Each structure stands twice: as structure tokens, then as C-alpha cells.
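Student:
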Amino acid sequence: MSSMSHPSGAAPQNRGGGILAAAWLLLIALFAGVAAWVFAVTRGAEVPAPLKPLASATVALAPAKPAPPAPVAAAPKAEAVKPAPATATPAPMPTPAPAMVSPPASVAVLPPPAPALPGQPLAAVEPALLRDSPYGPIPRLSADRKRAPWQVYAAPFDASDTRPRISVVVTGLGLAKDVTDRAIASLPPQISLSFSPYAAETPSAVAAARQRGHEALLDLALEPVNYPTVDPGPATLVSTYSATDNVARLDWVLARAQGTIGVIAQFGDSFGASAMAMAPVAQALRERGLMYVDNRASPQPAMIRLSRDFAVPWAFADATVPFGSADEAEALVATLHALEKSTVKQRSVMALVPVSPVAIVTLANWAKTVEPRGFALAPVSAIANRQDERDAVRP
């Protein structure tokens, strides 16, 4: 019986000790695990694993397909590219944050044609009167600031002529090649010609006009009151843009062709009335040695005062022939005759005429008779700063 009682008493004691040992081992393992986790978290917070850098990517925007007559702005490129042929689309427009863009098409210099009309080729384009810009060469004053492009490239005129001066400027050339060629060949050289900056033909057309003795200008679109419902094009100067942006757009226009004497305002009843908006433009024109021609879209052009403040040569339209008149020839003749009568009071007057086949024929016929009737047909440079400023203001 005693041999039976010993094992039965020892079994419970051994099981109790085993359970207690297992519990201690479990507790020690749990404590070690917690300590290891705390150590790992703490050490990981001190030295974070390095982040893999994101790969940088450059997104190139393809130029928008041009919509005639004005090319749509393209994204600027960081590097200059080789100049395109003379007949290529002009350089991309500066955006409201101007940057370096592709240079414009190179200027085509035509050989002097045998002149069919009086008028010698105008002075050759001088490298000394050009400077580089992000958009191509633009005009500048000479180094000594004594020679200005508007005077160097002006058509000759006898300053001693005491007859009343009538100036006519035909605008919008370059967009239709056949009409542009006809205007250059048919109109007398005393009539000045202004070209659209959007036309691919403008560089070669300006060169051809200057070979025939015509002064050349460039159309400059200014913000109208109802902009952007009425949008004159991507090079429009806008009052909500910075001065830097608007001067960049001016330079883009000026780089379209060399040998021009200045710009002619298009639209602009809002922008042209603002002295704050126009002042940077006036200063830029002064530094580039150019003339400003106002279309009087605003009843009170800001350039009246600014032309004095910045010494900018300027002229303004006494008459503007509306584009697309029902009877264009009759309206143009009436405008020209009214202009003649106004010289009784105003000794220097000017008319702006949008180009058209009818306008070319009408002007050519009128020009044959105007001087025999006692008037001097004068290029627009010949009336610079000669008009009475009070006549520029409309009630």
C-alpha cells in the first residue's frame, strides 16, 4: 500500500512546479518582446529610413495649331532654336509671364526692283540701330542716343514745304498677299503702310514696301472696352497685365520686321485711355526710337501727355475710314474731301484707311489730284508732333 501512495502524492507537486515555471518563462518572454519592440520603435524614430527621391519630369507643351490670321501662343522653350525660314510662322507669343521663346523668322531682304513709281529705296537697316530681344532683333536708339530709327527710316519730305500736309496710312497689310502686293506697287510712296504682326508675309512685305519708298509701321493691338469678348489677337496689350508683360508683347510685335518707323494703335478705347497702362509703352517706344500713331479710339488718348513726358514722336488720326462700309469708295472719298477742308484750321492732318482692293484704287486716283489742288501728300513721319493736341480730344 505504501508503494502505491508515494507516486500518487508526488504527481500533483511536480505538475504545480511545472506550471509555475512555464508561467515565469512566458512572463520573461513577454517582457523581452515588449522591450525589443520599444527599442526598435525608439531607434527607428531617431534615424528614419531615407526617402526615395521622386523622379523629376519635364512636360513639353506642343505649340497650338495656328488659327488664321493670328497664330495661337505656344509654350516658351528654354533653349533657343535655329531661325525658321522667312516664310515660316512667326515666333510664339509671350504669355502674361514672358520668357525666352524661339527667335522669329529671319527677315527677308529683297533685291531692289526696277521702280514703277517715283520713290527711292529707304535707308538700309542698320545693325547699330538694332538690339537683341527674346523674340528677335528690335529697334533701339544709337549708342550716342542722337539717331532714332523713326527718323533714319523715314521717307524723304521737303520740310520747307508750306502747303497743308495730308498724311494717309493704310493699315492691316500682309494678311492677304495679293492685296498687299497691289498696295505696295500701286500707291504713291508718300502714303505710309502699316503691317499686321500676325502675317507670315510681313517680313518680306515690309522689305518690299521700303524698296518702293514707303514708310513701314506695325499694327499694335490695344485692349478694347469689351475685351475679351472682342479679342484683337494674342499680342494685344491688356491693362490687367504687368508693365513687363505688355512691353514683352510690344517687343514681339516689333521683332516681326526691321526698318519700321513705329506702331499704329488698333482698337484701344480702354487701354489707350489709361495713362498708367500706356506709360511703360511710351517709355519703351522712346528707348526704341519709334513713333506712335494713335487711332483716337479713346476720346482722351493718354499719349497726349505721355508723348511730352517721354519725348515720343506721335501723330493721331483726324479721320478713320470704317472697315466694310456699304459703299466703301464713296465713304473714303467723302472722308478725304472732309480732311482737305479741315486743313483750313489744321495744317497737318491724317487719315487711317484699312486695306482693301477698293481702298487701293480709290486712294491711287485721289493721290493724283491732291497735290495739284494745293496740298502736300506727306508720309506720316512728316506730321510727327505737328498736330494740335486739342484736336485729339473728342467730347
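Residues 54 to 448 in the working numbering are what the sequence shown lists, from first letter to last.
The C-beta atom is built at its ideal place from N, Cα and C for all residues, glycine as well.
Being a predicted model, the structure only gives us computed values, none of them experimental.
Within the continuous alpha helix (DSSP H) that includes D234, where are the two ends?
Tutor: Residue 234 sits at position 181 when you count from the first residue of the sequence shown. Note, D234: alpha helix (DSSP H), 230-239.
Student: Taking its Cβ as the centre, do 16 or more other Cβ atoms sit within 10 Å of T233, making it buried, or is it exposed?
Tutor: Taking the first residue of the sequence shown as position 1, residue 233 is located at position 180. Looking at its Cβ environment, which holds 16 or more other Cβ atoms inside 10 Å, T233 is buried.
Student: Quick check: the Cα distance between A370 and A355, rounded to an integer number of angstroms?
Tutor: Locating residue 370 in the sequence shown gives position 317, where the first residue counts as 1. Locating residue 355 in the sequence shown gives position 302, where the first residue counts as 1. One C-alpha to the other measures close to 14 angstroms.
Student: Going by alpha carbons, who is nearest to V278 out of A326, S247, E383, L416?
Tutor: Along the sequence shown, read from residue 1 onward, the residue named residue 278 stands at position 225. Taking only the C-alpha atoms, the option nearest V278 is A326.
Student: Within this structure, are the beta carbons of I317 and E442 separated by less than 8 angstroms?
Tutor: One-based indexing of the sequence shown puts residue 317 at position 264. One-based indexing of the sequence shown puts residue 442 at position 389. No, the Cβ-Cβ distance between I317 and E442 is not below 8 angstroms.
Student: For the beta strand (DSSP E) containing V222, name the first residue and the last one.
Tutor: The residue given as residue 222 occupies position 169 in the sequence shown. Run containing V222: 218-226, per the beta strand (DSSP E) assignment.
Student: What are the boundary residues of the alpha helix (DSSP H) that includes A332?
Tutor: Indexing the sequence shown from 1 puts residue 332 at position 279. Run containing A332: 328-341, per the alpha helix (DSSP H) assignment.
Student: Out of A212, L430, R193, point me to the one whose CA is closest to W203's CA.
Tutor: Locating residue 203 in the sequence shown gives position 150, where the first residue counts as 1. The shortest C-alpha separation from W203 is found at R193.
Student: Out of D298, N348, S351, which has the shortest C-alpha to C-alpha gap to P187?
Tutor: The residue labelled residue 187 in the question sits at position 134 within the sequence shown. Ranking the options by Cα distance to P187, first place goes to D298.
Student: When you compare each of D214, K421, R200, P250 to Q311 by their alpha carbons, which one comes out closest?
Tutor: For the purposes of this step, residue 311 is taken as the residue at position 258 of the sequence shown. Looking at the Cα atoms, P250 is the closest of the given residues.
Student: Is any beta-carbon of chain E found at less than 8 angstroms from that of N279?
Tutor: No chain E is present in this structure, which holds just one protein chain.
Student: Less than 8 angstroms separating the beta-carbons of P242 and A208?
Tutor: Stepping through the sequence shown from its first residue, residue 242 is reached at position 189. Stepping through the sequence shown from its first residue, residue 208 is reached at position 155. Closer than 8 angstroms, so yes.
Student: Helix, strand or coil for F324 per DSSP?
Tutor: For this step, residue 324 is matched to residue 271 along the sequence shown. Note: F324 maps to helix in three-state DSSP.
Student: Given that a residue counts as buried once 16 or more other Cβ atoms are within 10 Å of its Cβ, and exposed if not, what is R184?
Tutor: Within the sequence shown, residue 184 is the residue found at index 131, counting from 1. Exposed.
Student: For the beta strand (DSSP E) that V406 lies in, which residues bound it at each end?
Tutor: Stepping through the sequence shown from its first residue, residue 406 is reached at position 353. 401-407 is the extent of the beta strand (DSSP E) around V406.
Student: Tell me the DSSP secondary structure of P192 in three-state form.
Tutor: As a working note, residue 192 is residue 139 in the sequence shown. Strand at P192.
Student: Helix, strand or coil for V386? Go by DSSP, reduced to three states.
Tutor: In the sequence shown, the residue the question calls residue 386 occupies position 333. Of the three classes helix, strand and coil, the one that applies to V386 here is helix, per DSSP.
Student: If you draw a straight line from the alpha carbon of F320 to that of A176, how long is it in whole angstroms?
Tutor: Numbered from its first residue, the sequence shown carries residue 320 at position 267. Numbered from its first residue, the sequence shown carries residue 176 at position 123. Cα-Cα distance, rounded: 31 angstroms.
Student: Does the Cβ of N418 have 16 or more other Cβ atoms within 10 Å, making it buried, or fewer, making it exposed?
Tutor: Counting from one through the sequence shown, the residue named residue 418 turns up at place 365. Exposed, since its Cβ has fewer than 16 Cβ neighbours within 10 Å.
Student: Tell me, please, which residues DSSP counts as bridged to Q440.
Tutor: Start at 1 with the first residue of the sequence shown, and residue 440 comes out as number 387. Answer is none; Q440 lacks a bridge partner.
Student: Please report the residue range of the alpha helix (DSSP H) in which L359 lies.
Tutor: Position 306 of the sequence shown, counted from the start, is the residue given in the question as residue 359. Where L359 is concerned, the enclosing alpha helix (DSSP H) stretches over 356-362.
Student: Counting only the same chain and skipping the five closest in sequence on each side, list residues whose C-beta sits under 8 angstroms from that of R341.
Tutor: Here residue 341 is taken as the residue at index 288 of the sequence shown, counted from 1. I191, P192, R193, L194, P202, L307, listed in sequence order.
Student: With distances taken between CB atoms, is the gap from F210 to P432 smaller than 8 angstroms?
Tutor: In the sequence shown, residue 210 corresponds to position 157, counting from 1. In the sequence shown, residue 432 corresponds to position 379, counting from 1. Result yes, Cβ atoms of F210 and P432 sit closer than 8 angstroms.
Student: Are the segment 219-232 and the segment 399-414 in contact at 8 angstroms, needing three or more beta carbon pairs?
Tutor: Counting Cβ pairs under 8 angstroms, three or more are found: they touch.
Student: Here's the rule: buried if 16 or more other CB atoms are within 10 angstroms of the residue's CB, otherwise exposed. What is G315?
Tutor: Indexing the sequence shown from 1 puts residue 315 at position 262. Buried, since its Cβ has 16 or more Cβ neighbours within 10 Å.
Student: Measuring alpha carbon to alpha carbon, tell me which of V283, A335, R361 ends up nearest S323.
Tutor: Within the sequence shown, the letter at position 270 stands for residue 323. Considering only alpha carbons, the answer is V283.
Student: Tell me whether R184 sits in a helix, a strand or coil according to DSSP, three-state version.
Tutor: In the sequence shown, counting from the first residue as 1, residue 184 sits at position 131. Here R184 sits in strand by DSSP.
Student: Count the other C-beta atoms from every protein chain shown that fall within 10 angstroms of the C-beta of A435, then say buried if there are 16 or more, exposed otherwise.
Tutor: To locate residue 435, count along the sequence shown from 1; it is residue 382. Answer is buried; the Cβ neighbour count reaches 16.
Student: Kindly indicate which residue of S351, V411, K421 has the alpha-carbon position closest to the one of R235.
Tutor: Along the sequence shown, read from residue 1 onward, the residue named residue 235 stands at position 182. The shortest C-alpha separation from R235 is found at V411.
Student: Mind checking which residues open and close the beta strand (DSSP E) that includes D197?
Tutor: To locate residue 197, count along the sequence shown from 1; it is residue 144. Neither: D197 is in no beta strand (DSSP E) and is coded neither H nor E.
Student: Assign V162 to one of three DSSP states: helix, strand, or coil.
Tutor: As a working note, residue 162 is residue 109 in the sequence shown. With a pLDDT of only 39 at V162, under the threshold of 50, the placement of this residue in the model should not be trusted; the figure read from the coordinates follows. Coil.
Student: Could you round the C-beta distance between P217 and T422 to whole angstroms and report it? I think they count as a contact, below 8 angstroms.
Tutor: Within the sequence shown, the letter at position 164 stands for residue 217. Within the sequence shown, the letter at position 369 stands for residue 422. Incorrect: roughly 15 angstroms between the Cβ atoms, too far for contact.
Student: Are the CB atoms of P174 and R263 nearer to each other than 8 angstroms?
Tutor: Mapped onto the sequence shown, residue 174 falls at position 121. Mapped onto the sequence shown, residue 263 falls at position 210. Against a cut-off of 8 angstroms, the Cβ pair of R263 and P174 comes out as a contact.
Student: Output yes or no for whether 8 angstroms exceeds the beta carbon distance between E268 and S245.
Tutor: If you number the sequence shown from 1, residue 268 lands on position 215. If you number the sequence shown from 1, residue 245 lands on position 192. Result yes, Cβ atoms of E268 and S245 sit closer than 8 angstroms.
Student: Are the CB atoms of L416 and L270 nearer to each other than 8 angstroms?
Tutor: The sequence position of residue 416 within the sequence shown is 363, counting from 1. The sequence position of residue 270 within the sequence shown is 217, counting from 1. Not a contact, by the Cβ cut-off of 8 angstroms.
Student: If you measure between the beta carbons of V300 and P333, is that distance less than 8 angstroms?
Tutor: Locating residue 300 in the sequence shown gives position 247, where the first residue counts as 1. Locating residue 333 in the sequence shown gives position 280, where the first residue counts as 1. Contact: yes.
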